[in-house]
Amino acid sequence: IPTYKNFLKRHLKNIKTELVVEHKADFKYAVVSAASIIAKVIRDKEIKEIQKKIKEPIGSGYPSDPVTINFLKKNYNNYPKIFRKEWASWKNINKKKKQKSLKDF
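FYI, the numbering for the sequence shown is 17 to 121, going by the working numbering.
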């Protein structure tokens with residue numbers, strides 16, 4: 017967390033505000049809880065917009081959602097801009113897709 021706080025400070029050089037960066041801040045600070053709720057509502061709205069454009073079930077967009085994982089498996093290369101490459105789910109599928117079988121030799 018100190019590293020992330022320093023990262024933020026470097027990008028906010030002109031702001032003279034104390035940064036509080038800590039785990040579970042949404043439980044301690046009402047403003048962080050509110051921001052978290054707003055971010056989730058906006059995210060859910062964006063998922064609905066993506067769903068309208070793609071016109072096939074994409075699920076909630078979370079890596080724990082089986083519908084989302086099935087969509088990821090089927091559309092691994094079709095929509096590269098909507099998948100988070102740092103997801104363990106994406107990395108696992110990427111690794112499997114690149115792995116060669118004995119038939120490939």
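Note that beta-carbon positions come from the ideal geometry of N, C-alpha and C, so glycine has one too.
* Which term fits I54, buried or exposed, when burial requires 16 or more other beta carbons within 10 angstroms of its beta carbon? -> It counts as exposed.
* Asked: So what does DSSP say about I53, is it helix, strand or coil?
  -> In the structure shown, I53 falls within a helical segment according to DSSP collapsed to helix, strand and coil.
* What is the residue span of the alpha helix (DSSP H) that V83 lies within? -> For V83, the enclosing alpha helix (DSSP H) covers residues 82 to 90.
* Per DSSP, what kind of secondary structure is K69 in: helix, strand or coil? -> K69 falls in the helix class under three-state DSSP.
* Just the C-alpha distance for Q115 and T19, rounded to the nearest angstrom, thanks. => Taking the straight line from one Cα to the other gives about 35 Å.
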